[in-house]
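Each remark here refers to the structure printed beneath this line.
Protein chains: 2
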Amino acid sequence: MSESTPSPGFHLAIDAMGGDRAPQIVVQGLEIAAERHPEARFLVIGNETELRMLFQSSKHAAACTVRHTPDVIGNDMKVAAALRMRNASMRLAIESVAEGEAAGVVSAGNSGALLALAKVVLKTLPGIDRPAMAAVTPSARGDLVMLDLGANVYCDARNLVEFAVMGDVFARSVLGLTAPTIGLLNVGSEEQKGDDRIREAAEIIRDSHIGPQFYGFIEGHDIGAGTTDVVVTDGFTGNVALKTGEGALKLIGDLLRQVFTSSLSGRLAYMLAKPGLDRLKEWIDPRRYNGAVLVGLNGVVVKSHGGTDAQGFAHAVDVAMDMVVHRFNERIREGLGRIVAAGALPKDQGKSGGPRLAAAR
Amino acid sequence: MSESTPSPGFHLAIDAMGGDRAPQIVVQGLEIAAERHPEARFLVIGNETELRMLFQSSKHAAACTVRHTPDVIGNDMKVAAALRMRNASMRLAIESVAEGEAAGVVSAGNSGALLALAKVVLKTLPGIDRPAMAAVTPSARGDLVMLDLGANVYCDARNLVEFAVMGDVFARSVLGLTAPTIGLLNVGSEEQKGDDRIREAAEIIRDSHIGPQFYGFIEGHDIGAGTTDVVVTDGFTGNVALKTGEGALKLIGDLLRQVFTSSLSGRLAYMLAKPGLDRLKEWIDPRRYNGAVLVGLNGVVVKSHGGTDAQGFAHAVDVAMDMVVHRFNERIREGLGRIVAAGALPKDQGKSGGPRLAAAR
Numbered sequence: 221m222s223e224s225t226p227s228p229g230f231h232l233a234i235d236a237m238g239g240d241r242a243p244q245i246v247v248q249g250l251e252i253a254a255e256r257h258p259e260a261r262f263l264v265i266g267n268e269t270e271l272r273m274l275f276q277s278s279k280h281a282a283a284c285t286v287r288h289t290p291d292v293i294g295n296d297m298k299v300a301a302a303l304r305m306r307n308a309s310m311r312l313a314i315e316s317v318a319e320g321e322a323a324g325v326v327s328a329g330n331s332g333a334l335l336a337l338a339k340v341v342l343k344t345l346p347g348i349d350r351p352a353m354a355a356v357t358p359s360a361r362g363d364l365v366m367l368d369l370g371a372n373v374y375c376d377a378r379n380l381v382e383f384a385v386m387g388d389v390f391a392r393s394v395l396g397l398t399a400p401t402i403g404l405l406n407v408g409s410e411e412q413k414g415d416d417r418i419r420e421a422a423e424i425i426r427d428s429h430i431g432p433q434f435y436g437f438i439e440g441h442d443i444g445a446g447t448t449d450v451v452v453t454d455g456f457t458g459n460v461a462l463k464t465g466e467g468a469l470k471l472i473g474d475l476l477r478q479v480f481t482s483s484l485s486g487r488l489a490y491m492l493a494k495p496g497l498d499r500l501k502e503w504i505d506p507r508r509y510n511g512a513v514l515v516g517l518n519g520v521v522v523k524s525h526g527g528t529d530a531q532g533f534a535h536a537v538d539v540a541m542d543m544v545v546h547r548f549n550e551r552i553r554e555g556l557g558r559i560v561a562a563g564a565l566p567k568d569q570g571k572s573g574g575p576r577l578a579a580a581r
Numbered sequence: 221m222s223e224s225t226p227s228p229g230f231h232l233a234i235d236a237m238g239g240d241r242a243p244q245i246v247v248q249g250l251e252i253a254a255e256r257h258p259e260a261r262f263l264v265i266g267n268e269t270e271l272r273m274l275f276q277s278s279k280h281a282a283a284c285t286v287r288h289t290p291d292v293i294g295n296d297m298k299v300a301a302a303l304r305m306r307n308a309s310m311r312l313a314i315e316s317v318a319e320g321e322a323a324g325v326v327s328a329g330n331s332g333a334l335l336a337l338a339k340v341v342l343k344t345l346p347g348i349d350r351p352a353m354a355a356v357t358p359s360a361r362g363d364l365v366m367l368d369l370g371a372n373v374y375c376d377a378r379n380l381v382e383f384a385v386m387g388d389v390f391a392r393s394v395l396g397l398t399a400p401t402i403g404l405l406n407v408g409s410e411e412q413k414g415d416d417r418i419r420e421a422a423e424i425i426r427d428s429h430i431g432p433q434f435y436g437f438i439e440g441h442d443i444g445a446g447t448t449d450v451v452v453t454d455g456f457t458g459n460v461a462l463k464t465g466e467g468a469l470k471l472i473g474d475l476l477r478q479v480f481t482s483s484l485s486g487r488l489a490y491m492l493a494k495p496g497l498d499r500l501k502e503w504i505d506p507r508r509y510n511g512a513v514l515v516g517l518n519g520v521v522v523k524s525h526g527g528t529d530a531q532g533f534a535h536a537v538d539v540a541m542d543m544v545v546h547r548f549n550e551r552i553r554e555g556l557g558r559i560v561a562a563g564a565l566p567k568d569q570g571k572s573g574g575p576r577l578a579a580a581r
C-alpha cells in the first residue's frame, strides 16, 4: 500500500538486471524516461560496477540511486528456484515497494518469477482473489485495455468480475477515459453463448456499479474493431488472443515490406506513401504498447517485454509512472468496495472457489 | 458413412436457404463451383419457386437437382426450436447425407443449429467423443489448419488428442501435405506451461502415431508465423484466436486503405504498388478461407459464413468437394484406430470424461 503512504522516497524501483540485454537497455530506457518525467526518482537495483559505468555518460544519473546486488534471476529459471534467491535484483526491487521505499516496480525479467514474487512479497489487494496481467493494445477506435493476459490459466466468474473492476480503473488511469465501456470476451455476442462462469460473471457485472458501462459479450474481432475500451477475459484466452493479434500484424507488416522492397515501382510507391506508412508503422509499433501491468497487488508492478529496446523499456516506465501518479491501487480498492457493498460479489467466494471451479484448476 | 458406400447419387446436398442473402448467393456460388467441378452433382434443398427462377439463367442447372421445402431455420432461432423443425432445408440436407443420398452437405445457415442437427442426425464417428470445427487460415509459411473453432466451449485432453488426429488428416486432405507438423496452442512453449489437460494431451500425442509430427506447444504468434501446419486448441480459445487474427488483419487493411486514398501521393503510390498490394489483398481475402468443416461426424459437413458472397460460398463448396474426394472420414477412422490400437487413448475415456473434467463442463 506504499502509494497511499505519504510520498515514498522513490517513484519506482527498477530491476536493472532483467531482460535480454540488461542492464544496458534498462539504463538507456531510464535515460529516456527521466527526460519525460523530470520529477521522477528511481531506485536502480543490480550489479553496481556495471551500472556505475553505464550511468557515467548519463545526463539523468542524479534521478537514479543505485543499489548493489550480485544476484540475477535468469530468463529460463524455474519459479521455485527464483523464489529461493533472496538477493535477486528482481526480488529486492519488489521488496522496496513492500517496504514503502518505492511506489512501484518495473522489470523486464522472467515473467513467471515476477508474478510469483510479486504475489508472495506484495500480496493481493484486500478483496482481490488473484492478480491479473493487463496491457494496452491498438484498435480501430484507439487504444484499449485487455486483461488477463496470462497471470491465470484458469479463471472463475469472481476472477472475471474483479478483472472488469480493475480494467475500469486501468482505463481511467492510463487511457484517461471517464466512463470506459467494458466487454467480456466470448465465442458469440448472444446471451446464451459461452459457459456458466462467463454468463455468471456477466450477470454480476451488469448488476454492479460498472453495470452502466458494461457492453456485454464481445468476440475476437471486436478487439481490433475497438468495440469496447476494456476487454475482459481469462489468462489463457487473453494470452493467446494478444499474441495472435500481434502475430497477424507482424505477418502483414512483413508482407508489406516485401511489396515495397521487391521492385523498383514498389520502392517508389513507398517513398510516395512514406508519411502515411510511417505513421501506421509507428502506431502499431509493439514498443508503444510495451509494459504489462500486474494489477490487484499492494503496489504497482509493471512487466516490460524482455526483448524490447530502450524506447520500449522507457514506455514501460511511463506506464508505471501513470499508475503511481493516478493512485491506481487506491482506486481499485474503492471500486471493489463498491461492488462488495452492493452485495453483488460475496466476500469469501474467491477463497474457496466452489467445488466445481476449484476442481478444474 | 455415406462417402464410403459406393458413390451416393449426389456429391453434396446444399442448404439453399441458409445465409444472409439466400438463396441468391447460394445459387450464384453453385454456378462458380459447378464450373470448377464439372463432375459434381448437387442436391439443392429449399423453396422450389425461388430456386427454379434463379436457376433459369444458370449454365449449370443440369448439375443441380432441386428438392422443395418451405421451412427455413432463421439465423437467430434458438437451437431447441431449430431441432423441432422437421422439414427445414438445413435438416433435410443433413438427412440426405445420413441416408446415403449425398456424400456431404454445405450450409451458410445458423451455426448452432447446424452443429446440433449434424450431431443428432449424423452422429459422431466411432471413437470420436465430440466433433470439432476446423478451417484453413493464412500464415507466413502458407495456409494452415486450425481446430476447434467453436464447436466445443470446453475440451478435455481426449478431445484435444482427437482434434490433433483429425487435424492431421485434414491437412493431408485439404492442404495436400504428406507429414503435416502439429502444434498445441498454449500460453508458452515450455513443457510446464498451461493446465493439466493440455499437458496430458501433449503426452498422449507425443506417444501416438502422429508423435513424430508433433512440434509441441505453440503460442498465439505462431499462428501468423505458420510455425506448424496444424494448430490444435479448444473451441473457446480457437474461436477467439481466429476472430482476433481476422480482426487484426481487417484493422490494418482499413488503415492501409486510408493511407492509399487520403492524398494524391497515396493514390499514386497505390497505382505503382498495385500488383503486389492486390496479390496481398487477395491472399488474405476472407472469402478464400470460407468454409469451416465440422469434423468427426458420419458425413462431411461444411459451414459457410452467413455473410459471404458467391465467391465465398463457392469456396466452401470446394472445401466440401475436397473432403468427399479424399474420403476424409475414412482416413480419420484409420487414424483413430491406430491411436486406440497403440493403447494411447483408452476407448471409453471420453464417455465419462473423468470427474475432474466432467465437473468443469
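Sequences listed follow chains G and S, in order. Note that this note's numbering has the first sequence beginning at 221, numbered continuously upward. Note that this note's numbering has the second sequence beginning at 221, numbered continuously upward. Here a beta-carbon is modelled for each residue, glycine too, at the ideal position from N, C-alpha and C. Nothing here was measured: the structure is a model prediction, and the numbers come from that model.
So, helix, strand or coil for residue 535 of chain S, using DSSP? Reading the second sequence from its first residue, position 315 is the one you call residue 535 of chain S. DSSP places residue 535 of chain S in helix when its eight states are reduced to three.
Flag this pair as yes or no: are the beta carbons of residue 162 of chain G and residue 390 of chain G separated by less than 8 Å? Shown here, chain G extends from 221 to 581; a query on residue 162 of chain G therefore has no answer.
Can you pull out the residues from the region 357-381 of chain G whose beta carbon lies closer than 8 Å to at least one beta carbon of chain S? 358, 359, 360, 370, 373, 374
8 Å Cβ cutoff, residue 423 of chain G in contact with chain S: On the first sequence, residue 423 of chain G is found 203 positions in, with the first residue counted as 1. Cβ-Cβ to chain S under 8 Å: no for residue 423 of chain G.
According to DSSP, which residues form a beta bridge with residue 523 of chain S? Along the second sequence, read from residue 1 onward, the residue named residue 523 of chain S stands at position 303. DSSP lists S/327, S/512 as partners of residue 523 of chain S.
Using a C-beta cutoff of 8 Å, does residue 502 of chain S count as contacting chain G? As a working mapping, residue 502 of chain S is identified with position 282 in the second sequence. Output row for residue 502 of chain S: interface = no.
Rounded to whole angstroms, what's the CA-CA distance from residue 338 of chain G to residue 519 of chain S? Just pull it up for me. Indexing the first sequence from 1 puts residue 338 of chain G at position 118. Indexing the second sequence from 1 puts residue 519 of chain S at position 299. Each residue's alpha carbon lies about 52 Å from the other.
Under 8 Å between C-beta atoms, does residue 569 of chain G make it to chain S? As a first step, residue 569 of chain G must be located in the first sequence, where it is residue number 349. Model confidence at residue 569 of chain G stands at a pLDDT of 44, short of 50, so the residue's coordinates are unreliable; what they give is reported in the following sentence. No, residue 569 of chain G lies away from the interface with chain S (no Cβ there is under 8 Å from its Cβ).
Under a Cβ-count criterion, where at least 16 other Cβ atoms within 10 Å of its own Cβ denotes burial, should residue 463 of chain S be classed as buried or exposed? Residue numbering aside, residue 463 of chain S sits at position 243 when the second sequence is read from its first letter. Burial call: buried.
In angstroms, rounded to a whole number, what distance separates the CA positions of residue 581 of chain S and residue 322 of chain G? For this step, residue 581 of chain S is matched to residue 361 along the second sequence. For this step, residue 322 of chain G is matched to residue 102 along the first sequence. Low local confidence applies: a pLDDT of 27 at residue 581 of chain S is under 50, so the model's placement there is unreliable, and no value is given.
Quick one, which of S/447, S/277, S/466 has its alpha-carbon nearest residue 215 of chain G's? With chain G covering only 221 through 581, there is no way to say anything about residue 215 of chain G.
Please name the residue or residues paired with residue 438 of chain G in a DSSP beta bridge. If you number the first sequence from 1, residue 438 of chain G lands on position 218. Residue 438 of chain G is bridged to G/405.
Contiguous alpha helix (DSSP H) assignments of at least 4 residues, all confined to the region 301-353 of chain G: 309-318, 331-342
Would you kindly report the start and end of the unbroken beta strand (DSSP E) that includes residue 367 of chain S? As a working note, residue 367 of chain S is residue 147 in the second sequence. Counting along the chain, the beta strand (DSSP E) containing residue 367 of chain S begins and ends at 364-367.
Any beta-carbon of chain S closer than 8 Å to the one on residue 390 of chain G? The residue given as residue 390 of chain G occupies position 170 in the first sequence. Closer than 8 Å: no.
Just to make sure I have the definition right: I need the residues of chain S whose C-beta is within less than 8 Å of the C-beta of residue 518 of chain G. Which are they? Locating residue 518 of chain G in the first sequence gives position 298, counting from the first residue. In chain order: nothing, as chain S lies at least about 25 Å away.
Kindly say whether residue 525 of chain S, judged by its beta-carbon, lies nearer than 8 Å to any beta-carbon of chain A. Annotation note: the requested chain A is absent from the structure, which comprises protein chains G and S.
Scan the region 428-449 of chain G for residues whose Cβ lies nearer than 9 Å to a Cβ of chain S and list them as they occur along the chain. 439, 440, 441, 442, 443, 444, 445, 446
Does the region 312-332 of chain G come close enough to the region 268-279 of chain G to have 3 or more Cβ pairs within less than 8 Å? no
What do you get for residue 319 of chain G, buried or exposed, if any count of 16 or more other CB atoms within 10 angstroms of its CB means buried? If you number the first sequence from 1, residue 319 of chain G lands on position 99. Exposed: under 16 other Cβ atoms inside 10 Å.
First and last residue of the beta strand (DSSP E) that includes residue 266 of chain S? Locating residue 266 of chain S in the second sequence gives position 46, where the first residue counts as 1. First-last of the beta strand (DSSP E) with residue 266 of chain S: 262-266.
Chain S beta carbons: is any one of them nearer than 8 Å to that of residue 349 of chain G? Translated into the one-based positions of the first sequence, residue 349 of chain G becomes position 129. No, because no Cβ of chain S sits closer than 8 Å to the Cβ of residue 349 of chain G.
On the premise that residue 371 of chain G lies in contact with residue 351 of chain G, defined as a C-beta separation below 8 Å, what is that separation, rounded to the nearest angstrom? Position 131 of the first sequence holds residue 351 of chain G. Position 151 of the first sequence holds residue 371 of chain G. So it is a contact: roughly 6 Å between Cβ atoms.
From residue 228 of chain S to residue 324 of chain S, what distance separates their C-alpha atoms? Residue mapping note: residue 228 of chain S aligns to position 8 of the second sequence, counting from 1. Residue mapping note: residue 324 of chain S aligns to position 104 of the second sequence, counting from 1. Taking the straight line from one Cα to the other gives about 10 Å.
Output needed in chain order: residues of the region 263-293 of chain G with a Cβ under 8 Å from some Cβ in chain S. none
Tell me which residues share the same chain as residue 230 of chain G and place their Cβ nearer than 8 Å to its Cβ, disregarding the 5 neighbours each side in the sequence. Here residue 230 of chain G refers to the residue found at position 10 of the first sequence. Within the same chain, residue 230 of chain G has close Cβ partners 261, 262, 263, 285, 316, 321, 322, 323.
Residues that DSSP places opposite residue 245 of chain G in a beta bridge: Within the first sequence, numbered from 1, the residue matching residue 245 of chain G stands at position 25. BP columns for residue 245 of chain G are empty, so no partner.
What does DSSP give as the partner residues of residue 285 of chain S in its beta bridges? Here residue 285 of chain S corresponds to residue number 65 of the second sequence, with the count starting at 1. Paired residue(s): S/263.
Given 8 Å as the limit, is there contact between the region 400-411 of chain S and the region 452-460 of chain S, that is, 3 or more CB pairs closer than that? yes
Excluding five sequence neighbours on each side, which residues of the same chain lie with their C-beta closer than 6 Å to the C-beta of residue 422 of chain S? Counting from 1 along the second sequence, the entry for residue 422 of chain S is found at position 202. The residues are 404.
What does DSSP give as the partner residues of residue 357 of chain S in its beta bridges? As a first step, residue 357 of chain S must be located in the second sequence, where it is residue number 137. Beta-bridge pairing links residue 357 of chain S to S/364.
Here's a check: name, in chain order, each residue in its chain whose Cβ is nearer than 6 Å to the Cβ of residue 486 of chain G, leaving out the five neighbours to either side. Translated into positions along the first sequence, residue 486 of chain G becomes position 266. Hits under 6 Å: 479, 480.
Who are the neighbours of residue 474 of chain G on chain S, taking C-beta pairs under 8 Å? For the purposes of this step, residue 474 of chain G is identified with residue 254 of the first sequence, where counting begins at 1. Neighbours of residue 474 of chain G on chain S, chain order: 360.
Run through chain S and tell me which residues come within less than 7 Å of residue 513 of chain G, C-beta to C-beta. As a first step, residue 513 of chain G must be located in the first sequence, where it is residue number 293. The contacting residues do not exist; residue 513 of chain G stays about 18 Å from chain S at best.
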